[in-house]
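Residue numbers (our numbering): 32 to 142.
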């Protein structure tokens, strides 16, 4: 827990957005070692910075994590469109296809 607490304290005290984003992504997707409040704080930070968080995940080809954020309802149509634009600009084909295939799957689920 000490390691989690130390990283959380770094997250809370850092003034650098890229550092905070990295720590929030790490803490949110690896919640072991963090309290519920710390995990919520990471999520709150990511929710408010969903576009840069999505871009980092696209860059890393972490589409499973991107999917989690979408399923939480944090990504509206403009964020998904931004993801597609970012994927095109950065030649991340799978990330470009992700929202298209996911939208297609959701449409079949509602029938």
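C-beta: ideal position from N, C-alpha, C; glycine also.
Since this is a predicted model, take the numbers as computed values, not measurements.
- By the Cβ criterion, the segment 59-76 is not in contact with the segment 109-128, since fewer than three pairs of Cβ atoms, one from each stretch, lie closer than 8 Å.
- DSSP, read as helix, strand or coil, puts residue 35 in helix.
- A contact is defined here as three or more CB-CB pairs under 8 Å, and the segment 54-71 meets this definition with respect to the segment 33-44.
- Non-local beta-carbon contacts of residue 118 in its own chain, meaning distances under 6 Å to residues more than five positions away in sequence, involve 89, 126 and 127 in chain order.
- The shortest CA-to-CA distance from residue 39 to any of 46, 49, 95 and 70 is the one to 70.
- Looking at the backbone, the Cα of residue 59 and that of residue 47 are separated by about 18 Å.
- Exposed is the label assigned to residue 103, since fewer than 16 other Cβ atoms lie within 10 Å of its Cβ.
- Selection 68, 55, 67 and 72 evaluated against residue 85 yields 55 as nearest (Cα-Cα).
- In the DSSP assignment, residue 120 falls within the alpha helix (DSSP H) that extends over 108-120.
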